[in-house]
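Mapping the sequence shown onto the working numbering, position 168 (from 1) lands on 558, and the numbers just tick up by one. Reading through the C-alpha cells given below for one structure.
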Amino acid sequence: MNKTATSRQALLEAAREIARRDGLGHISIRRTAAMCGVSIGTVYNYYPAKADLVLAVIEDFWKRVFHGGLSCDFTHGSDFSAVCGQIYTALRTHLAQFEHTFLRELASLNEAERQQGKALEMQYWEHIRAGMLAVLARDARVRPGAFTEAFTREQFVSFVFGTMMSMLRADREDASFLQEVVCRLIY
Numbered sequence: 391m392n393k394t395a396t397s398r399q400a401l402l403e404a405a406r407e408i409a410r411r412d413g414l415g416h417i418s419i420r421r422t423a424a425m426c427g428v429s430i431g432t433v434y435n436y437y438p439a440k441a442d443l444v445l446a447v448i449e450d451f452w453k454r455v456f457h458g459g460l461s462c463d464f465t466h467g468s469d470f471s472a473v474c475g476q477i478y479t480a481l482r483t484h485l486a487q488f489e490h491t492f493l494r495e496l497a498s499l500n501e502a503e504r505q506q507g508k509a510l511e512m513q514y515w516e517h518i519r520a521g522m523l524a525v526l527a528r529d530a531r532v533r534p535g536a537f538t539e540a541f542t543r544e545q546f547v548s549f550v551f552g553t554m555m556s557m558l559r560a561d562r563e564d565a566s567f568l569q570e571v572v573c574r575l576i577y
C-alpha cells in the first residue's frame with residue numbers, strides 16, 4: 391500500500407465514487423483509503439470520522455449543483471422571472487438526483503450529523519436567495535413603486551423561493567405559473 395499522503399480532493403473523489411456506485415451508506419474510511427492506495431491514517435488526517443467524509447460528499451454534491459449545475463446567471467442575469475424558471479428547473483433536476491442517490495441513505499446518519507447536513511443545505515439555499523435578490527435588483531422591467539416598506543424585495547424573494555420549495559415538494563413539472571404570478575406582481 392502507498393503510505394504517502396494524498397490530497398483531500400482525491401479522497402473526496404474516491405468517496406463520491408463509492409456513493410455514486412454503491413450508495414452513501416457504503417462510504418467508509420477503509421474503502422476510501424483502499425481506492426486511493428493510502429493508509430487509513432491518511433484519510434483520518436483529513437476526515438477524523440466517517441461522518442465527516444459522508445458530509446463532505448453531500449456538501450460536494452451541493453457545491454456542484456450551485457456552482458456548476460445551476461443554469462442561471464446570478465452575476466449578469468437581469469430577468470427575475472426567467473431566472474426563477476431556471477432555478478426551479480435546475481433544483482427539480484438536481485433534487486431528484488439527490489433523492490435517488492442520497493436521501494434514503496441519510497437515515498444512517500445520527501441526529502448531530504443530520505443537523506450538520508441540514509445546516510449545509512440551508513447555507514446553499516441562502517446562496518440562491520441572495521442571488522435571486524441580486525437579479526431582482528438589476529431587473530429594469532420592475533415597475534416603479536412595485537416595492538414598498540410593507541412589500542420589500544427581500545420579502546418577495548423569500549415568498550418566491552418558499553413557493554418554489556412547495557412546488558418542488560408537490561412535484562410540479564415547471565414554474566410557469568409562478569413566473570406568471572411574478573410578472574403580474576412586479577412588472
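C-beta: ideal position from N, C-alpha, C; glycine also. Just so it is clear, the structure is predicted and the values come from calculations on it, not from any experiment.
Of the residues the options, which one's Cα is nearest the Cα of residue i?
i: Ala-400; options: Thr-542, Met-425 and Gly-415; result: Met-425
i: Phe-488; options: Arg-519, Phe-456, His-517 and Ser-471; result: Phe-456
i: Arg-482; options: Arg-406, Arg-504 and Met-555; result: Met-555
i: Thr-553; options: Thr-538, Val-571 and Arg-543; result: Val-571
i: Asp-469; options: Glu-539, Thr-538 and Ala-524; result: Ala-524
i: Arg-574; options: Met-522, Ser-471, Leu-526 and Ala-441; result: Ser-471
Measure the C-alpha to C-alpha separation of residue i and residue j and round it to an integer number of angstroms.
i: Gln-545; j: Asn-435; result: 44 Å
i: Leu-443; j: Ile-417; result: 8 Å
i: Ala-423; j: Ala-536; result: 57 Å
i: Ala-502; j: Ala-530; result: 45 Å
i: Lys-508; j: Tyr-514; result: 10 Å
i: Gln-506; j: Leu-558; result: 23 Å
i: Pro-438; j: Gly-431; result: 9 Å
i: Arg-533; j: Asp-412; result: 52 Å
i: Gln-569; j: Phe-549; result: 13 Å
i: Arg-406; j: Ala-560; result: 29 Å
i: Ser-397; j: Trp-452; result: 20 Å
i: Leu-414; j: Leu-485; result: 16 Å
i: Ile-448; j: Glu-539; result: 38 Å
i: Arg-528; j: Arg-543; result: 12 Å
i: Arg-504; j: Lys-440; result: 13 Å
Check this for me: beta carbons of residue i and residue j, under 8 Å apart or not?
i: Val-433; j: Ile-419; result: yes
i: Leu-402; j: Ala-446; result: yes
i: Phe-541; j: Arg-519; result: no
Tell me the residue span of the alpha helix (DSSP H) that contains residue i.
i: Ala-409; result: 398-412
i: Glu-539; result: Careful: Glu-539 lies outside any alpha helix (DSSP H) and carries neither H nor E.
i: Arg-519; result: 501-528
i: Arg-421; result: 419-426
i: Asp-564; result: Counting along the chain, Asp-564 falls outside any alpha helix (DSSP H), and DSSP gives it neither H nor E.
i: Arg-454; result: 440-454
Just checking residue i against the ligand ATP - is the residue's beta carbon closer than 7 Å to any of the ligand's heavy atoms?
i: Thr-422; result: As presented, the structure is devoid of all ligands, the ligand ATP included, so that no description of it is given.
The segment 474-493 in contact with the segment 555-568 per 3-pair CB rule at 8 Å: Taking 8 Å as the limit for Cβ pairs, the verdict is that the segment 555-568 does touch the segment 474-493.
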